[in-house]
Structure formats: C-alpha cells, structure tokens
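Chemist: Take a look at this one; I'll ask things after.
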C-alpha cells in the first residue's frame with residue numbers, strides 16, 4: 145500500500161539503485177512487524193522493484209542511560225519480531241552490541257547491497273542526529289517514514305503551546321488522516337518471495353542474533369557494558385505483551401477510567417506508554433481497536449473546532465477521556481519535539497514562565513536536596529519518597545503523583561535549571577517510557593510549558609501552577625501505596 149506522502153521524507157539526495165539486492169528497513173523506533181507505515185513503505189518498494197526485504201534491528205549499548213531495564217524491554221520486543229518476520233519468510237537481522245561502537249559500519253555494509261534504505265522518522269532522543277548522520281554517510285537513498293501518531297508530524301507547521309490549541313488544530317485537521325492507517329498485515333504481499341541474503345562479510349563481523357531470539361534466548365545482560373543497577377521491570381516488552389496489555393485495559397481499566405485514575409491501589413490507567421515509546425504497539429492499532437469496541441464511525445465526529453476536551457469524538461465518556469491522553473497530549477509532545485528548538489532545554493520554556501521563575505530565584509526554599517538524595521528518596525516528604533521508589537522499583541509513577549514528583553523537585557532545588565536536570569536524569573534513567581516526547585511534555589509542564597499563568601502569585605513558583613503533597617493525599621485514594629513503596 146502506498147503510504148501518505150506527508151509521512152515520507154528523503155533524508156539524502158542519493159538515487160534508488162535498481163541493481164541492489166534487497167530493500168533494507170533499518171528499524172530504530174517503530175519496533176514492530178504490524179501497523180507500521182515504514183514497513184508498509186518498505187513492502188511497497190519491494191513489490192515495485194521486485195526485491196526481497198531485509199530488516200535490520202540493532203541495539204546499541206553506548207546510548208545514555210543504557211541499562212538492564214531498557215535493554216531487556218527492547219530485547220523482549222526483538223524476540224517477538226524475530227518470530228514474526230521468520231513466520232512471514234522475511235529475513236530479519238538482529239544485532240546486539242557487546243561494547244560501545246562495535247556496531248559501527250554495519251548499516252553501511254548492509255546498505256551497500258541495498259536498492260534503498262528505509263528508516264523511522266522519530267523526533268526525540270539521539271535518533272534524529274543518528275538518522276541525519278547516516279544520510280550523509282550512505283551512498284544509497286535513505287527514506288525516513290513517520291509512523292508516530294494519528295497526525296503526521298508534518299501536518300502542522302508550527303509549535304502548538306497548549307493542549308487546547310492543539311485540540312482546535314486537531315478538530316480542524318485530523319479527520320482526513322484518520323482514514324489513512326497502516327496495514328495490520330503488511331508482510332502478507334511478500335509471501336513467496338525468496339528471502340534476502342545479507343552479505344557474508346557482514347555476518348562474519350557482526351553476529352546475527354535472530355536465531356537465538358526466535359528461541360526466546362535473551363543475550364546475557366551481565367556481560368554488556370550497561371547499568372546493571374537499574375534492573376528489569378515486571379512487564380515484558382514486545383508486541384505480544386503490548387497487545388495483551390491493551391486488551392486488559394479495555395476489559396478492566398477503561399470501564400472505570402475516569403474515577404479509577406485516582407486510585408493508587410487499583411489504577412485504571414492504560415500502562416501502554418512503554419510499549420508506545422519503544423514502538424511495540426502503534427497509536428493506530430490502539431485507536432482502531434478502541435473505536436471498533438465503541439462501535440464508532442467517522443461520521444460520529446463532532447463539528448466543533450473550539451478545542452473542548454469532551455464530546456468531539458462521539459464515544460463514551462471513558463473513551464473520550466482516554467483519547468485525550470492518547471491523541472491530544474501525545475501528539476502535543478511530538479509536535480513540540482518536532483518544531484520547538486532545543487525542546488529539552490530550559491530556554492525552550494515559554495517566556496512568561498521563565499520570567500516568573502527568575503523573578504523568584506532568590507526566594508527561600510523550605511528544603512534543598514541534591515541529585516543523590518532525590519535518587520535515594522531521602523527527603524522529608526513520605527509521599528514524594530514513595531513516588532520516587534515506585535519509579536526506581538517499577539519504572540513508572542502514578543500519573544498524578546508524577547506531576548507532584550516534579551513540582552517538589554523544583555521546589556526543593558536551588559534553581560529551576562538544576563531542577564530540570566534532576567527531573568530529566570531520574571526520569572530518563574528509571575522510567576521505562578523515559579526519553580520520549582511525552583516524558584518531556586510532563587517534565588516541562590512542571591515549569592509552565594503547555595500551561596498558563598496561575599494566581600495568586602506564590603513564593604518560589606511565581607505564576608507557575610502550585611501543587612502540595614497534602615492536596616494530593618486528599619485527592620487520591622492512597623490505600624496501601626505508602627506501605628508498598630516504603631524504604
């Protein structure tokens with residue numbers, strides 16, 4: 145199937161080589177074999193050129209915050225991919241670095257025999273720099289495909305600062321894009337095509353782990369130069385686990401999504417964000433299966449464009465609330481990463497929030513902590529400490545407490561810049577869904593991004609929204625939360 149042109153970007157100006165032996169899909173962000181526009185594009189070009197498909201999925205060990213937690217989650221996804229591509233008769237090359245930089249040259253070696261290379265267009269972490277650098281090195285055409293969300297990244301031409309602004313834009317712009325979705329079975333057209341053969345010299349130098357992964361054998365994490373203190377989480381990574389998590393959410397969490405989101409013992413949140421972050425599940429799949437359950441048709445969409453949160457989708461209240469998170473807030477993060485210069489720096493905050501924060505730089509702080517104390521959950525606040533331990537132990541924080549967690553790091557730091565450094569470090573190190581556009585949305589919301597000025601003006605916070613642990617205790621149903629995450 146031809147993908148929407150707005151989702152396709154030529155990274156370099158090289159030509160397609162009709163004499164190439166295969167089409168190479170360099171899978172770096174959308175790590176799945178279904179519901180993937182990049183894979184659709186690769187299959188389409190295979191059929192057009194009469195070439196087989198070769199899929200490369202590599203896992204570096206030299207990226208920042210590399211740990212047993214993140215590696216294990218990705219590798220479990222690679223197990224699912226190895227099995228799915230093998231079942232479809234598509235050659236899958238799985239490479240796992242055993243030392244930093246060991247994989248350098250693998251992409252070029254595979255691309256040297258390719259008609260063209262296709263990869264994922266993802267706007268955060270180190271991936272944009274990596275793709276641009278590859279485009280400069282390769283002598284083969286490199287296409288980047290956006291399969292991030294329901295709204296193509298390039299459908300907007302500016303930063304949308306607040307959720308209400310983006311909702312207005314979505315209500316005007318999104319409907320035509322909803323009919324354009326990736327294939328649930330993209331590999332079917334390749335049935336009967338002889339599998340691609342990677343260059344022998346590449347296989348000799350860079351070990352292909354696909355056979356081990358198909359058998360469910362995960363490489364020994366202890367032998368890799370990554371952070372072993374950040375241990376794997378209970379949830380299994382991969383497309384299969386993601387699909388099961390989605391069904392569990394539909395059956396158990398969604399019916400009580402509104403009131404259950406404030407219950408710390410039995411939260412009704414979807415817990416899909418790590419799977420979305422690592423590309424193990426697609427927003428299109430989540431949206432399609434949700435709307436099928438809701439009996440939704442495109443004509444059910446409302447006609448208003450005022451940006452209101454409820455009523456536009458034309459589904460039940462719980463589904464409307466979930467869609468605001470899945471679509472509005474998720475797309476807002478991707479929009480900001482795409483169009484906001486240096487989106488992960490203090491200088492990218494709105495002018496009003498930087499001014500009010502700087503007006504209150506000299507305000508006395510009730511407590512001051514450094515990174516180590518925050519990381520060890522050694523503050524005076526029992527609830528904050530429990531939230532930090534939840535992050536360290538499980539790779540996540542309850543959604544409401546994540547906001548409080550950030551607000552208190554800001555309140556107990558000498559400057560907002562230092563608070564930002566602490567939030568980014570702890571979130572990206574421990575959160576399974578860290579390093580994601582949505583992570584940066586949450587972190588920068590603490591300091592005023594995506595929000596408005598609030599009154600009355602307060603010490604330290606100025607006009608930035610204020611939160612307290614006492615108000616959180618009153619709002620949340622705590623149950624055994626503090627006991628579960630005690631020291």
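In my numbering, the protein residues as written are 145 to 631.
Backbone N, C-alpha and C fix where the C-beta goes; we use that ideal spot for every residue, glycine too.
The structure presented is a predicted model; accordingly, all values stated were derived computationally and were not measured.
Select from 582, 613, 456 the residue whose C-alpha is nearest the C-alpha of residue 523.
Modeler: 613
Chemist: With burial defined as no fewer than 16 other Cβ atoms inside 10 Å of the residue's Cβ, what is the status of residue 410: buried or exposed?
Modeler: exposed
Chemist: From residue 340 to residue 194, what does the alpha carbon distance come to, in whole angstroms?
Modeler: If I take the Cα positions, the gap works out to 12 Å.
Chemist: Under 8 Å, do residue 213 and residue 375 count as touching if we go by C-beta distance?
Modeler: yes
Chemist: For residue 490, collect the residues of the same chain with a Cβ closer than 6 Å to its Cβ; drop the 5 residues on either side in sequence, then sort them by chain order.
Modeler: 561, 564
Chemist: Could you check where the alpha helix (DSSP H) with residue 262 kicks off and where it finishes?
Modeler: Unbroken run through residue 262 is the beta strand (DSSP E), 258-264; no alpha helix (DSSP H).
Chemist: Closer than 7 Å by C-beta to residue 456: which residues in its own chain qualify, once you throw out the five before and the five after it? Chain order, please.
Modeler: 315, 445, 446, 448
Chemist: Check for me: the alpha helix (DSSP H) holding residue 218 runs from which residue to which?
Modeler: 212-231
Chemist: Quick check: the stretch 221-228 against the stretch 350-362, are there 3 or more CB pairs under 8 Å?
Modeler: yes
Chemist: Count the CB pairs spanning the stretch 232-249 and the stretch 373-390 that are closer than 8 Å, and state whether there are at least three.
Modeler: no
Chemist: Work out the CA separation of residue 492 and residue 485 for me, nearest whole Å.
Modeler: 7 Å
Chemist: Would you mind working out which of 259, 608, 325, 373 sits nearest residue 150, comparing C-alpha positions?
Modeler: 325
Chemist: When the distance is taken between beta carbons, is residue 187 closer than 8 Å to residue 198?
Modeler: no
Chemist: With contact counted as at least three CB pairs below 8 Å, one residue from each stretch, are the stretch 293-300 and the stretch 156-174 in contact?
Modeler: Note that the stretch 293-300 does not touch the stretch 156-174; fewer than 3 beta-carbon pairs, one per stretch, sit closer than 8 Å.
Chemist: Using only alpha-carbon positions, find the residue among 573, 602, 567, 548 that is nearest to residue 615.
Modeler: 548
Chemist: Under the rule that 16 or more other beta-carbon atoms within 10 Å means buried, what is residue 555, buried or exposed?
Modeler: buried
Chemist: Once you ignore the five residues that flank residue 252 on each side, which residues in its own chain have a CB closer than 8 Å to its CB?
Modeler: Taken in chain order, the residues that qualify are 281, 282.
Chemist: Can the beta-carbon of residue 180 be found closer than 8 Å to that of residue 330?
Modeler: A contact, by the Cβ cut-off of 8 Å.
Chemist: Contact between the stretch 495-502 and the stretch 585-604: three or more CB pairs below 8 Å?
Modeler: yes
Chemist: Under the three-state reduction of DSSP, which class applies to residue 170: helix, strand or coil?
Modeler: strand
Chemist: Candidates 566, 318, 227: which alpha carbon is nearest residue 553's?
Modeler: 566
Chemist: With a cut-off of 8 Å on the beta carbons, I'd call residue 533 and residue 517 a contact; round off their distance for me.
Modeler: Residue 533 to residue 517, Cβ: 13 Å. No contact.
Chemist: My assumption, with CB atoms under 8 Å, is that residue 126 sits in contact with residue 309. Please give the rounded CB distance.
Modeler: Only positions 145 to 631 of the chain appear in this structure, which leaves residue 126 out of reach.
Chemist: Indicate whether the contact test is met: 3 or more Cβ pairs, each with one atom in the stretch 420-440 and one in the stretch 228-239, closer than 8 Å.
Modeler: no
Chemist: Alpha carbon to alpha carbon, what distance is there between residue 226 and residue 381?
Modeler: 14 Å
Chemist: Which residue from 204, 429, 267 puts its Cα closest to that of residue 479?
Modeler: 267
Chemist: Can you check the stretch 275-338 for any alpha helix (DSSP H) of at least 4 residues that lies completely inside it and give the ranges in chain order?
Modeler: 307-317, 319-322
Chemist: Out of 537, 500, 422, 459, which has the shortest C-alpha to C-alpha gap to residue 269?
Modeler: 422
Chemist: Please look up how many angstroms separate the CB atoms of residue 619 and residue 408, rounded, as I've assumed it's under 8 Å.
Modeler: With a Cβ gap of about 11 Å, residue 619 and residue 408 do not count as contacting.
Chemist: When the distance is taken between beta carbons, is residue 575 closer than 8 Å to residue 583?
Modeler: yes
Chemist: Can you tell me the Cα-Cα spacing of residue 607 and residue 559, whole angstroms?
Modeler: 16 Å
Chemist: Could you give the distance in angstroms between the alpha-carbon of residue 175 and the alpha-carbon of residue 424?
Modeler: 5 Å
Chemist: What residues match up with residue 471 in a beta bridge as DSSP calls it?
Modeler: In the DSSP output, where bridge partners are listed per residue, residue 471 has none listed.
Chemist: What's the C-alpha gap between residue 597 and residue 327?
Modeler: 43 Å
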